[in-house]
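First comes the structure, then the notes that go with it.
Numbering (UniProt numbering), first residue to last: 1 to 572.
Here it is as structure tokens:
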């Protein structure tokens with residue numbers, strides 16, 4: 001059987017062929033006392049840790065932030081996160097955990113709290129090896145604090161090491177329990193004769209299914225999963241033995257409204273046709289739905305459902321899926337860039353035709369204003385000429401924006417510091433924010449984040465988005481908050497500008513040229529920002545609801561992927 005063979009290959013020790021020996025687990029308190037004796041953790045250690053708590057506590061927040069900043073740099077560990085809000089909650093939980101370490105009470109309740117942490121790690125799919133590396137990072141930070149405490153620090157260091165060994169042992173039991181449960185699930189499947197069916201098709205499964213670069217899921221007549229290939233595991237984040245026997249729609253959280261309802265109806269019709277002589281031919285249907293991954297992300301999948309009637313509990317529906325999420329996002333970005341290019345061509349011609357007569361009008365209005373003032377003309381007449389001059393200046397500014405949009409300059413790439421860009425943006429909007437009673441907050445990690453980019457152009461983008469956020473909050477005539485945030489991922493850096501203003505309508509084409517929600521807006525600010533970000537090989541997106549709007553920029557750490565463009569700019 002493929003599943004059983006895979007698990008046997010991954011484990012380091014043999015298991016009995018007739019199942020795991022049944023035994024009653026010892027009580028939690030007994031197990032905990034046994035572990036404490038094994039690591040020689042005594043009452044003196046508890047007293048030392050309790051007395052050291054006030055010394056260590058001021059460092060907990062810093063240790064937690066450094067810990068999660070390190071995790072962001074590893075693809076596999078970072079993949080279990082669903083967003084910044086979750087990471088912030090996890091940082092607070094880590095601080096609470098460190099406070100519990102030095103609480104001085106190490107009883108049955110303490111054991112159960114630690115075991116629960118291990119079960120959460122298993123649930124979110126955190127690889128077991130990161131348990132050891134994570135504990136090593138925290139151990140190093142705490143031991144440095146203890147070492148600086150003087151002669152008494154050596155005893156505290158020993159107590160910390162013993163307690164962290166104890167914590168690690170308890171958490172790792174959760175991984176062991178999960179492994180045992182998975183083996184028992186496999187054995188249950190074997191007893192239900194599902195394993196025999198998979199074994200008969202193992203050769204074809206490995207060659208035709210496992211090596212395919214598409215999602216392949218086999219379903220029985222009730223819509224339960226019997227086959228789940230490697231690509232399905234990679235896209236969804238679920239292991240095969242976790243989904244076997246479960247409903248496809250429930251496992252991938254496919255919404256039962258819209259396309260999800262249509263998918264359920266197709267499966268229902270296939271099930272009704274199962275075994276009917278008039279429906280023995282192969283029938284295919286295509287449908288696109290959104291699925292939920294293990295980490296909670298939503299992905300678009302284009303399914304080709306094929307009904308191949310069979311007898312018994314064998315696979316009768318093959319669901320062949322292709323992940324179209326990135327493809328759709330690329331298509332949307334391409335369409336947006338094509339629209340911007342077309343409008344840019346129009347803007348360039350329009351700006352050229354307007355600029356010359358506008359300059360002439362400006363000269364004549366200036367001459368007229370001076371003449372009226374010298375001749376002592378009526379003040380209202382002078383004021384009227386001033387209004388005309390101001391409008392001409394505004395048109396001149398608009399023409400300048402047209403040209404900036406239509407003829408963008410090449411990127412001047414160099415290493416820039418993300419924190420510096422956000423700090424400069426915050427400084428430049430400080431007066432505007434103060435005027436409207438808006439608080440601007442910087443949320444950046446202490447570790448430097450460097451990217452290959454055109455610093456001046458990115459500064460322009462950040463300034464534009466921040467000013468828009470302040471104006472959105474100020475529009476409600478109340479005190480508000482704007483957050484400038486930066487984070488580092490394994491291959492990218494992200495910027496977020498968040499405000500608690502009224503939000504943006506879901507269907508508003510805010511990145512289209514000349515679209516604006518401001519009475520005096522030109523509608524070019526976000527279009528220019530979008531072009532600058534995409535020229536850097538990045539993305540600019542928005543999530544908005546009332547009370548929370550987030551503009552999110554994601555840029556590659558090493559600059560645009562177009563190496564030819566990079567060389568040309570650097571050479572200039």
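Note that CB positions come from ideal geometry on N, CA and C, so glycine has one too.
Asked                                                                                                                                                                                        : Found
Please name the residue or residues paired with residue 553 in a DSSP beta bridge.                                                                                                           : 495 and 540
Are residue 557 and residue 486 closer than 8 Å when you measure CB to CB?                                                                                                                   : no
By a C-beta neighbour count over all protein chains shown, 10 Å radius and 16 as the cutoff for buried, is residue 441 buried or exposed?                                                    : exposed
Going by the DSSP bridge assignment, what does residue 303 pair with across the sheet?                                                                                                       : 287 and 321
Quick check: what's the CA-CA separation for residue 287 versus residue 248?                                                                                                                 : 14 Å
From this set, 76, 293, 500 and 527, which residue's C-alpha is nearest residue 127's C-alpha?                                                                                               : 76
Whole angstroms are fine: how far does the CA of residue 44 sit from the CA of residue 52?                                                                                                   : 12 Å
Compare the C-alpha of residue 289 against each of 268, 320 and 307 and name the closest.                                                                                                    : 320
Give me the residue from 386, 302 and 133 with the minimum Cα distance to residue 71.                                                                                                        : 133
According to DSSP, is residue 444 helix, strand or coil?                                                                                                                                     : coil
How would you write the range of the alpha helix (DSSP H) that residue 457 sits in, first residue to last?                                                                                   : 455–474
Should residue 359 be labelled buried (16 or more other beta-carbon atoms within 10 Å of its own) or exposed?                                                                                : exposed
I'd like the span of the beta strand (DSSP E) that includes residue 217, first residue to last.                                                                                              : 215–219
Could you name the residues of the same chain whose beta carbon sits closer than 6 Å to that of residue 59, not counting the 5 residues immediately before and after it, in chain order?     : 145
What residue does the alpha helix (DSSP H) around residue 139 start on, and which one ends it?                                                                                               : 129–147
Going by beta carbon distance, what residues of the same chain come within less than 6 Å of residue 271, once the five residues before and after it are set aside?                           : 221
Is the segment 27–41 close to the segment 107–118, with three or more CB pairs under 8 Å?                                                                                                    : yes
Please classify residue 474 as buried or exposed, where buried requires at least 16 neighbouring CB atoms within 10 angstroms.                                                               : buried
Mind checking which residues open and close the alpha helix (DSSP H) that includes residue 100?                                                                                              : 84–101
May I ask you to report which of helix, strand or coil DSSP gives residue 315?                                                                                                               : coil
Drop a sphere of 10 angstroms on the beta-carbon of residue 488, count the other beta-carbons inside from all chains shown, and report buried for 16 or more, exposed for fewer.             : buried
Exposed or buried, what is residue 529 when buried is set at 16 or more other beta-carbons lying within 10 Å of its beta-carbon?                                                             : buried
Counting only the same chain and skipping the five closest in sequence on each side, list residues whose C-beta sits under 6 Å from that of residue 568.                                     : Low local confidence applies: a pLDDT of 39 at residue 568 is under 50, so the model's placement there is unreliable, and no value is given.
One question on the structure: do residue 139 and residue 174 come within less than 8 Å of each other, judged by their Cβ atoms?                                                             : no
Hey, would you say residue 184 sits closer than 8 Å to residue 241, going by beta carbons?                                                                                                   : no
Express the C-alpha separation of residue 244 and residue 17 in angstroms, rounding to a whole number.                                                                                       : Because the pLDDT at residue 17 is just 38, under 50, the model does not fix this residue reliably, and the value given afterwards should be weighed accordingly. Each residue's Cα considered, the two are about 21 Å apart.
Report the CB separation of residue 449 from residue 493 in whole angstroms; it is logged as a contact under 8 Å.                                                                            : 5 Å
List the whole-angstrom C-beta distance separating residue 142 from residue 41, where the pair is believed to meet the contact cut-off of C-beta under 8 Å.                                  : Not a contact, Cβ separation roughly 15 Å.
I need the boundaries of the beta strand (DSSP E) containing residue 228, first residue and last residue.                                                                                    : 225–228
Could you check the C-alpha separation between residue 122 and residue 129 for me, to the nearest Å?                                                                                         : 12 Å
Looking at the structure shown, is residue 438 part of a helix, part of a strand, or coil, going by DSSP?                                                                                    : strand
Can you give me the Cβ contacts of residue 304 inside the same chain, cut-off strictly under 7 Å, excluding the 5 residues immediately before and after it?                                  : 284, 286 and 320
State the start and end residues of the unbroken beta strand (DSSP E) segment that holds residue 249.                                                                                        : Residue 249 -> not in any beta strand (DSSP E); alpha helix (DSSP H) instead, spanning 248–251.
Using the C-alpha atoms, what's the distance from residue 395 back to residue 373?                                                                                                           : 24 Å
Give every residue of the same chain whose Cβ lies closer than 7 Å to the Cβ of residue 377, excluding the five residues on either side of it in the sequence, and list them in chain order. : none
Could you name the residues that DSSP lists as bridge partners for residue 266?                                                                                                              : Paired residue(s): none; residue 266 is not in a bridge.
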